[in-house]
Structure formats: structure tokens, C-alpha cells
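Protein chains in written order, with the UniProt record's numbering: chain A, 1 to 345; chain B, 1 to 345; chain C, 1 to 345; chain D, 1 to 345.
We put the beta carbon where it would ideally sit given N, CA and C, even for glycine.
Number of protein chains: 4
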Amino acid sequence: MARIGIVGGTGYTGVELLRLLALHDDVEVVAITSRAEAGRRVDELFPNLRGRYDLAFSEPDVALLAGCDLVFFATPHNVAMNLVPELLQAGTRVVDLSADYRIRDAALWSRWYGEPHASPQLLPEVVYGLPERFRAEIAGARLVACPGCYPTAIQLGFIPLLEAGLVDPAHLIASAASGASGAGRQAKIDNLLSEVSGSFKAYGVSGHRHLPEIEQGLAEVQGGPVSLTFVPHLLPMVRGIHATLFARLSGEADLPALQALFEERYRDEPFVDVLPVGMYPQTRTVKGANQCQISLALPQERDTVVVMSTIDNLVKGASGQAVQNMNIMLGLPEQRGLTQVGLLP
Amino acid sequence: MARIGIVGGTGYTGVELLRLLALHDDVEVVAITSRAEAGRRVDELFPNLRGRYDLAFSEPDVALLAGCDLVFFATPHNVAMNLVPELLQAGTRVVDLSADYRIRDAALWSRWYGEPHASPQLLPEVVYGLPERFRAEIAGARLVACPGCYPTAIQLGFIPLLEAGLVDPAHLIASAASGASGAGRQAKIDNLLSEVSGSFKAYGVSGHRHLPEIEQGLAEVQGGPVSLTFVPHLLPMVRGIHATLFARLSGEADLPALQALFEERYRDEPFVDVLPVGMYPQTRTVKGANQCQISLALPQERDTVVVMSTIDNLVKGASGQAVQNMNIMLGLPEQRGLTQVGLLP
Amino acid sequence: MARIGIVGGTGYTGVELLRLLALHDDVEVVAITSRAEAGRRVDELFPNLRGRYDLAFSEPDVALLAGCDLVFFATPHNVAMNLVPELLQAGTRVVDLSADYRIRDAALWSRWYGEPHASPQLLPEVVYGLPERFRAEIAGARLVACPGCYPTAIQLGFIPLLEAGLVDPAHLIASAASGASGAGRQAKIDNLLSEVSGSFKAYGVSGHRHLPEIEQGLAEVQGGPVSLTFVPHLLPMVRGIHATLFARLSGEADLPALQALFEERYRDEPFVDVLPVGMYPQTRTVKGANQCQISLALPQERDTVVVMSTIDNLVKGASGQAVQNMNIMLGLPEQRGLTQVGLLP
Amino acid sequence: MARIGIVGGTGYTGVELLRLLALHDDVEVVAITSRAEAGRRVDELFPNLRGRYDLAFSEPDVALLAGCDLVFFATPHNVAMNLVPELLQAGTRVVDLSADYRIRDAALWSRWYGEPHASPQLLPEVVYGLPERFRAEIAGARLVACPGCYPTAIQLGFIPLLEAGLVDPAHLIASAASGASGAGRQAKIDNLLSEVSGSFKAYGVSGHRHLPEIEQGLAEVQGGPVSLTFVPHLLPMVRGIHATLFARLSGEADLPALQALFEERYRDEPFVDVLPVGMYPQTRTVKGANQCQISLALPQERDTVVVMSTIDNLVKGASGQAVQNMNIMLGLPEQRGLTQVGLLP
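Written out as C-alpha cells, the structure reads:
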């Protein structure tokens, strides 16, 4: 049994980690921290966990966390980058669900997050935790930066096209939409039910923090610069991301060929499911499941390919992918604890 | 591995049975029937099941079903009562999720369902599948009638009070609310998102078909007649039932005593959770889980006790409870395949 | 043109007042205050008002407000009771949408709100702004306390029964549900979409602040003490209150007689609509409209009468009723500016 | 008072016409037809209309309709094109909300709708009812084809760019999303709350019937062929369309210039509102209002311009626009009866 710690357990990715790990046979959560809720039982804050954990939130104490084999950071940005150096030194491995280590270039990170990076010396060894790209590197990593939710859905949708060199990398478009849980469990007027329910809007259009992360990942795949126009939208619902991707074909390709390309690329991936032609993904189909469902279309047989990619932002977009990374790091079967079926309806 | 059949697999209780049984180690679904969808792959209709079943819907053929150890009926009323006699004769055990066998009195059944009962000869041997009341009888039953969703939530809330003889049985009140999935996967204008979303209403106020079932169950507990005013409401959401129960105390009782009574009654029940005083249940906490959460209040310390009882109508209110019954009937651990944690948020 | 001021215009009752008054021909909003948003254009915060008002929020300045003929307080409690005395002295009339003047007994108010009342000397002259009870008094009032949302729906449902002396006043029950806008435009985790959407729960069961207000009103109707068990619930939607009321008939009464009683009581009320027997109200039917729709049932012809009463909590439950009061106070036709049709679907 | 008829009054555009016309001073609805509901009172089906109309549905009788000055068709396609010739002959003018007369080319219409057009001889005189393009022609028209909901939002967003010749017309992209009321009041499983709520998906990706209508309109503006990749999505909510449009700038243009272009184009349009830079539209802001709100962005100052355009699909996307057309045809002030403020929250 691996000993697991969670830093910042009061947000949605925290409770989702606990939900998934409650049914994982090979690990035990021994510590979960929260400054604000220290001393309070976890199942008092999250009653869905009653009977699953006999655990209270504790202060974020490095000694406690250093006793873990692996620690998840389920914190806002700017927490992990301050604590991780000590943990690594103590021999504890880290899966960071925050944005702190996702950007390889510290200067670029600073530009988007408005502050200096606290541990840039670690950036060279960080492994980007997208198993469909970096499975081998994740296995041996000390520090894994778990991808953001939009970046997961969008990269998985573009990767086969870019790997095959089929599309114009200078004019990629992603029109994506997320449920409100993506904004976290924070007391903000903008996220009230009365503000979000029964409505739909774009946000962050001029520049969203996930843009440099996505472009960094896609550029590595392309082997050269890419330019993405990324418009995120807020959905009047809790969970789910749907990315609708547009790319212009640079050569000849028909839909059957594109479909075959995607099926081949993800044939052995346990958590990426390429749907048959004509079946489009719905976010509800992957609700609660560590799954990305992808579908392709070539409307009117013209030259613009459309890729639809859906995930549960809290599972394959965050905590499920984090557990997937943990499984790989610990040498466990990758699907251990991640067999939940999507909750439909 | 027990061989399992499902009759009527295209509704919400059908897909929910498949979701739960996909992760159940001791049973195998070998047949799932649907006249309308015969020949179509199950995971084409319900893409959340992709990769879980290599199964297509088949015509409802008795020979096929008779080869099963146990068959679930996930059908509207008026199907099971015609097919079950043959199946029992063939040695197949049955868990009926429909209303056909819930009422012990055939004449009463006919009054509420507007037609004669097709197999009244079986009624004497039917066991009512509420394990918290009839666990021992379920174990040996050939035919179990799975309770309705409202009846499950409401009976579990009233049972301790009636068993203790604490309340006036002639004036029980249940104000309950259900998500729209309780109305099934049927093409009716009344259940369109555009009709239900952003709105709330009562329905069936003059008489809902679950009323005689609930009164039958409560009268057996009370050991005498009970009278219930039952008002169901339709919630603008998919899953969940919340029952708010009101009863007048016939003697002295304070909240701590009532709380102790409920905690004692359900101490050993794996799927009934009495919340601490002051914590009220939310339907989301049990979403996707086979769980009933119950809370008590005695507003202003007056003489009316309020019980709040929540379930997921498709799990503890239908398919989860059906699997629980199956486990008991097959001599399996009662929690096998039912360990899902509620999906919060 | 009457000159109108609004104190506290950044909440939902504030923007709703502006929505209604934008189409009111006989009044002009000349001042709207907000400490937090002073200087900001109203239509920047609420873009639905673009093109309707050329107005910015201003600091809550008494001199400014004193120049108005009538001022609405759309504030949390504890604001109006400090400012109103000065305004009345200046000859400005007041409609207070907050709770400050709803309870006639200052000691009782203090018990529920946890602080002393700041202007108890005004309580004797306050008129409770339920036109269906106090139309004549409202006309001449200087200070009208607009009823709460639950109190409006619940009192309108019980009044005919109590006036006729038909029910046991000692055991009234109200199981009511409200959309999340009832909790206001405040940054609280409990009101996030991710917390409320797709879920349903009771709250304030042991004692909600609307209880003393409702009991005060019903006791006046009854001419003696009443006891109400009041359980509010939170709906996963924005607007709407649905109250389901239960009362035990103390004498003989059948449904047609009860129906006739209600129709007679509200025959001349422009904003109370008694639905035909068998038609139950839906909150969406009155969405955006200053309307209360009421329906009656006598389930199974037993002795418990059920009344269903729905309003839009922001209109007949707050700002619409406030405008109705204003119309009466200013001698305008009561329906002026209140002719909106419910937004269905 | 103009005499108005409505054919097909039981759908959402029908009830919405009635909601709007209830407050319109210059017209009177004298006939509303429905084969299925003939004889039933309108306010029984739509209780939000209680007290507004003393009207029952009647059989679709030509003589009755021919007695009207103007008739709205709020029917599915394939009804208007059969009845309109007779009405025009009788001197009745027509605003058709269905798709029958939107496509100028009968052969193209047949390709998308799978049947021959029943009155192609009328196509040359049809005026496309987008007042922002054809106000003068509408004034004198006998037969106006009201634009579809997506076509309204998308065309209003692209028109200024195409008129100015600023973008590549061969690679326009529209990623749009609609509330479920866009699918109409029809009993289909796909539109059940349990299917749509809490989920998001694309549909009609390979080819949606609104595509030829939009391309026809944009090509006329461009004065040459355009090619649009159009992906509609289904939102888990009732009302609202949000179109996110992408176009590649063919020359130099910065955001202030684009903003000025849009503001200038729509300066005198009463129902098109160009938001200030940085304020993005939300569907809720125009809920219930005959309004299109538009916003522009030039993400990262690259060469792809993003336009966001929102309407209420039942108002500016259907019945509100139909009333706007009616006003123009009847020589009434264009805003008569269309002054509703968006219902926020």
C-alpha cells in the first residue's frame, strides 16, 4: 500500500481525488491538508465520503507530507512551486494538478501568471502528465505536472492531425466549453447558480492561461510553431468539457482516412475512445469516468476538419488523470481505480 | 459467475443496471432484451458502456431468459406479470423493478392500474424487495418486487417512527420531489427539457400510484391502518429523490431521542446513513450511489417531527436496490458491485 | 412623473426593480445607490438594461434620496432601519424590501436577527405590504414593509382557509421550495452553480427567519395563535417559489366548496389567480410576472387539504410586489408597469 | 387594430407570439389554429396567458385566416408553402416563421428538405425578414420569410466584416450553441430533460439545414461565394443562442477599427447592440428580449477575428423578429410591443 498525501483537499479536484482513491486497492490516503478547514472531518465537508475515510483535514505540514510516497497538489497555482522542492528532497514524489509546473519556460509562466516562478530549477525535470504522450517518462518521474482540463481535451483532439502533418498549424481553432466546476470551489459572484444557470457565454477570449500550455504541447508535437485561437465558454452545468476543434487540411484527406488515423493513434490507449463515424460525443457520457471520447467530421466534404473531444473536467481533466499518472509512477496497472462507468443519464 | 438477463434494457433503469453490473465480479449479463432495439448494440444506444459489454439487444425470448439464473425486469408495468410465471417454472429467479408485484392485493392493484392482474396466483409468494425490512425473506425468494423510488425514500424515513409507535399514523404527510429520470426514457412533451428545466411543480396530487404501495408498507410496520397525504413534485434535474416527511408526535420525544432511535434502527444497514443532527441531506451527495441519507429535525421543539430522506431514484430507488436484492438472493456479499461513491459535485 | 430612488441596487431585487420600472410610464428612477459600485454605470453591471437607463450607482447619500418622492430599499436587513427615519422626516415615502420592518414586535425581531432594532419607534406605523390584505392601509402609508418571498406565497395560500375558520391552526405545514436567486447576489460557496445545480435539499429546518413573519400574518388572519411547521428547500434553478401547504380540515368541506371559497376570495385581485380544479401551478408559468397562481386539492377525499401556491420570488415575492405597493401609494392604477406575461418556456 | 392570425399555435414560437402580442396595442389576435388542440382554450395549454386571451384553438380554416390582415405561420416546414398561395390571393399578408420560403432556390431547398417545394412560383417575391438587411423591402412585402435562429445570430455577426471585405470568405467558421427550445415542443427522446440536462454536445455537424440559408445570406453580402463551417451544439437550458464566429483577416485591421466598424454598422438598429470592447455577451442578458448583443475580440492580436453574437432564439431568433417584421409591414413603429427587458437573472 502506497502512502498518499493530498495538499489542498477542499476544492473539487480534492474531493474527486478522494472519491477515486476510496475504491483504489493499492494506495491509502494518509494525509489531506487544508489551512482553512484544519481539524474538520473530511466527510463533514463532503458527505458523499461518509463511511469511506476516517480522516480530518490537517495543516499543510511538510514533515507529514514527506512521510508519503506520493503527494498530490490539488491547490490553486502558487502553492506547489513553493512546497515541492522540500518534498522531492525528502524523497516524496509529486503529482501537481495546479498550473505551477506545466509551462517549461519560467519567463513565459511569469508573463501569464504575473509573478516570478518560485522553483524554476525544477522545470527541466518536470514531466508533463499526459500519458498518451509521455507514458514512459512519467513512469520514472519525481515530479509530474498534470495537464489542465482544456489542454487535455484539446491536445488529444489535435495530436493525431499534427503528428501526421495534415493540417495548417498556423491557424488552429478551439471553441471549447466547460462546466462551472472548472472554476473551482471558490466564493465568487460569477460562479453563482443565479449567474450561470440558464445562460452561456464566452470568457477569457483575449487570452486564457491555458493557451500557452496548449500551444507548448502542440508545438512539440508539430515540431515547430503553432498558433491557436482558443475561445473558452462557460456551460450552465457542473461537469464536462467539450472542445470543438477546427483545422484546415493542408493536403488531401477524406473522412475515412482521418478516422483510421485517429483509431490507429489511440488503439492501445485505455482512456481515449474514438467514436465511430457519425456518433458525436456528449459530455454526460463520460461524467464521472476517466475517459476522453473523440469524434471527427469533415462537413460538406470541404477542407476544414472538425474534431470533437469530451472529457469530465474533474476526472480525465484533473483528478482521474492524476491517479492515472500515479498508477504509472507506482508501477501499478494504469486502470487501477479508474474503471468507473460514465453516469448516463 | 451467475448468468443474468435483463428484460427491457432501453430505459434508464436498464442502462443503470448495466452500469452497476459492469463492475460486479460475480455475475455476467448474458441477455438483454428490447423489442424496439433488437439487433442494435447496447453501447451504440448508451455510449457510456463502450468497452464494457459486447452485447446487442435481443427479442424478449423466454427460452433465452430461462437460461439465466436471475432475470431483472426493467420494464413498464404490465410486462413482468405476463412473463414471470414461465420463467419461475423454468427455475429462473426474478427481480421485478416494475410495479406489477408490489401490491399484495390484486383488486387494489387493478384499481390503481386500470386492468386485471395477469398472474395474481404469484402474489402470495412475492417478497417486497426492501432489504431493510425483508432481508431474510429476500434471500430465499423466487420473485422479488423491487420497491418504487418514492416508496423507498418515504418508507425508510417513516419506519423507525412507526415501529416505535411514536407518531399519529392517521395523518402522515410526505412532500417529495424527484428528478425527471423518474419519469423514464419516454418521448412525452411533459418531460422535455424545455418543459421541466427552470421550473418546479406538484403532480399526481389527487392520487399517485405509489400511494397504495407506501401505505401498504407503512401499515404493515404500524400493525394497523395508516393514512398518508403524499404530494410528489417534479425537479428540474435528472437524478435524485428528496422526501420531506411530517408526522405528529403522539407522545413526548425530543430530538436526541429521535436521533438515537434512527441511528439504532439503521446501525447495521450498509446503505442507510443517518446524518448527524443539523446536517441535512442533499440529493447530489448520493448521486450514482446506492445510498439513502436521512436526517431529522424537530422545528422549534414543537410536536411535529420532520424527516428528510434522499436517494438516487435510479440507484437505491431502482437498479441499485435491485442489485442489492440480487446479491442477497445469490448469497453474495450485499455490497458487491455497489460501492460507488456519490458524485459530488 | 414621480421621482424614485433605490438604495442597494446591485442585488437581484435591485436589478429587477430597474427592469420593471424601465417600462413604467409614471415614474422615473433618479437615484440608485451602492457603496461598492459607486460611479459605475448601471448597465455595465447589468447589461440587460443597456439603452434603458443613463444612470450610474451613487454613494448612499441621504440628501439625494430625500429629494425622491419614494425610495425602495433593496438592501440586506440592517440598512433600512438606520436610514428610514431621516427619509420619512424629509417627507420621502419608503417601500422597504428588506426584513427590517416586517415584524411588528421589536423584541421578536431581535431574537431572530440577533441585534437590537434601530428604529423601533416606527414599527407602530409600518404597513405590511401585502395588498391582498392591506390595500387601503398601503394607500396612505409612509412606510411599507414589503413581505418576504416565502411569506407572500404561503400567506396567500392559507388566508382563505383561515379566514373561513376551516382548518386546525395549530398544525399548519408549509413545504416550500425556492430558486437560488432567493439567496441573493452574494459570493457564497453554498450558492455556486457547482453546489446547487442538479441537487435539492432542505435548509433552515430548525428555524428560518421567515417563520415569525408568516406566523404573525396568519395569526392576524386567524384572530388567534397559529403554529406552522415551515421547511424551505433550495431548487436547482434561478427564479420561482412553490409552496405546498397542508392543513387539517376542522369541519366538513369538499373540494368544490374549497375551490369556490378561494375563487371568491381572490375574484377581484389582479395578481392572484386561482387555477381551475386539477390544474396545478408551475413556477415557470409566472416567471418574470407579478402573479401568484394557486391550486387546491383534497387528496383521496380525506381530511387534509393541500394548497399549492407559486410566485416568482423576485417579482410577486419582492420587486413586483414593491412596485404594486408603490402604485397604490402613489394613487396609480395598481397594474401599471406590471403587465409582463410569464416567460414560458 | 390589425387583425392577426396564427397558424400552428401550440409550439414554442406560437406561445411566444401570443406573449408578445398580448402587450401590443395595435393588433388583435383573432384566430389561432391547431389541428391537434382545436377547441381547447389557449390559456389551458399555456397558463402564462391566463387573463390575456379569451381564445380557443381552431381548425386551420383558410376562410377564417383570409379574414386576417396578417397571418403568422408558426408551423414546422411543409405547412406554409401549401397554404400561403391561397392567403396571398385573398389579400392576407404573411410572415412565415418556418423554413419554407427562406431559400431562394427551389432545387436547393428540395435537396436539404427532401421533397419538392409546393409553391416555388412565390419564391421570387419572398422578402427575407432580416430587417437589418431588408427593412425597405419588408415594408412592402406580401410574404416575408422570417430567418432561422442560428441564421439570425450568425449573419448579424458576419455582415459588417463581409460588407467591409475584411475577411477570407472561403473559410468562415461558426461554432454556435442553442437552448433546447430551438428543437421545438415535440415529443422526442433526444429532447427530454434527462437526455439534455447537465450535458453538451454537437449535432448536425456534417450538414445542418440552416447552413444553406446562412451561406445564401452571407454570399449576397459578400457579393460572391462564401464557405462556412457551421457546427451547432445543444445547450442544457431552454432559451438562448450564442454564436462564436471565427474569420481570418485578409488585410490589416486592429480591434479598435473593427469595433468602430460594427458600432457604425448597427448605430441605428434598435435591436442590435454592439457591446463595448472587453464585455462579452451572455445569453441570459437577452432572455425574453428582442435583442442581439454582439462583441468582438482579436485574441493575442493575431489574424483571426472572433465575433460573439447572442439572441433569444424564440424572440430575435423567431417570434420577436416576426413581430418586428409585422410592425414594419403594417407601418407601425418598429419597437411597438418589443420593449421587454432581458430577464436577468
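List, in chain order, every chain B residue whose beta-carbon is nearer than 8 Å to that of residue 238(D). 193, 194, 197 and 198
Could you work out which residues of chain D lie near residue 207(A), taking near to mean beta carbons separated by less than 7 Å? 299 and 300
Interface residues of chain D around residue 186(A) at Cβ under 9 Å? Simply none; closest approach about 19 Å.
Report yes if the CB atom of residue 164(B) is closer than 9 Å to the CB atom of residue 228(B), and no otherwise. no
To be precise: take each residue of the region 144-164 of chain D, compare its Cβ to all Cβ atoms of chain B, and keep it if any distance is under 8 Å. Which residues remain? Hits within the stretch: zero.
Of the choices 121(B), 106(B), 98(B) and 292(B), whose alpha-carbon is the least far from that of residue 115(B)? 106(B)
Closest Cα partner of residue 275(D) within the set 309(D), 183(D), 247(D) and 245(D): 309(D)
Distance check for residue 317(D) and residue 245(D), CA to CA, integer angstroms please. Computed Cα separation, rounded: 17 Å.
Evaluate residue 188(C) with the Cβ neighbour count: other Cβ atoms within 10 Å of its Cβ, from every protein chain shown; 16 or more gives buried, anything less gives exposed. exposed
Taking buried to mean at least 16 other C-beta atoms within 10 Å of its own C-beta, is residue 75(D) buried or exposed? With 16 or more Cβ atoms within 10 Å of its Cβ, residue 75(D) is classed as buried.
Quick check on DSSP: helix, strand or coil for residue 309(A)? strand
How would you list, in chain order, the residues of chain C whose beta-carbon sits under 8 Å from the beta-carbon of residue 180(A)? By Cβ distance, chain C contributes 192, 193, 194 and 197.
Which chain A residues are close to residue 46(B), counting only those with a beta carbon under 7 Å from its beta carbon? 344
Measuring straight from C-alpha to C-alpha, what distance separates residue 79(C) and residue 108(C)? C-alpha of residue 79(C) to C-alpha of residue 108(C): approximately 18 Å in a straight line.
What residues in the UniProt domain "Semialdehyde dehydrogenase NAD-binding" (3-141) of chain A bring their beta carbon closer than 9 Å to a beta carbon of chain B? Correct list: 12, 15, 16, 18, 19, 20, 22, 23, 44, 46, 47, 48, 49, 50, 51 and 52.
Is it buried or exposed, residue 40(A), if we count other Cβ atoms within 10 angstroms and call 16 or more buried? It counts as exposed.
Give me the DSSP bridge partner(s) of residue 95(A). 72(A) and 144(A)
Got a sec, what are the start and stop residues for the alpha helix (DSSP H) residue 43(C) sits in? 42-45
Compute the Euclidean distance between the alpha carbons of residue 216(D) and residue 28(D), then round it to the nearest angstrom. 34 Å
Mark residue 16(D) as exposed unless 16 or more other C-beta atoms lie within 10 angstroms of its C-beta, in which case mark it buried. buried
Chain-ordered residues of the region 329-342 of chain C with a beta carbon less than 7 Å from chain D: 339, 341 and 342
Can you name the residues that DSSP bridges to residue 127(A)? 144(A)
Where the alpha helix (DSSP H) containing residue 158(C) begins and where it ends: 149-163
Under 9 Å (Cβ pairs) to chain B, residues found in the region 263-287 of chain C: 278, 280, 281, 282, 283, 284, 285 and 287
Should residue 14(C) go down as buried or exposed, given a rule of 16 or more other Cβ atoms within 10 Å for buried? buried
Look at the alpha carbon of residue 63(A) and the alpha carbon of residue 113(A), and state the distance between them as a whole number of angstroms. 29 Å
Rounded C-alpha distance that separates residue 337(D) from residue 261(C): 37 Å
Please name the residue in 222(C), 236(C) and 167(C) whose C-alpha comes closest to that of residue 198(A). 236(C)
Could you give the C-beta distance for residue 224(D) and residue 281(D), rounded to a whole number, given that I count them as a contact under 8 Å? The Cβ separation is near 29 Å, so there is no contact.
Could you tell me whether the region 3-12 of chain B touches the region 96-103 of chain A, where touching means 3 or more Cβ pairs closer than 8 Å? no
Between which residues of its own chain and residue 125(B) is the CB-CB distance below 8 Å, once the five residues before and five after are set aside? When the five nearest sequence neighbours on each side are left out, the beta carbons in the same chain lying within less than 8 Å of the beta carbon of residue 125(B) are those of 141, 142 and 143, in order along the chain.
If you follow the beta strand (DSSP E) that residue 4(D) is in, where does it begin and where does it stop? 2-7
Given 8 Å, three or more beta-carbon pairs between the region 329-345 of chain D and the region 255-274 of chain A: no
Is there a Cβ of chain A sitting closer than 9 Å to that of residue 222(B), yes or no? no
On the three-state DSSP scale, how would you describe residue 28(C)? strand
Would you decide whether residue 36(C) is buried or exposed? Buried here means 16 or more other CB atoms lie within 10 Å of its CB. Classification for residue 36(C): exposed.
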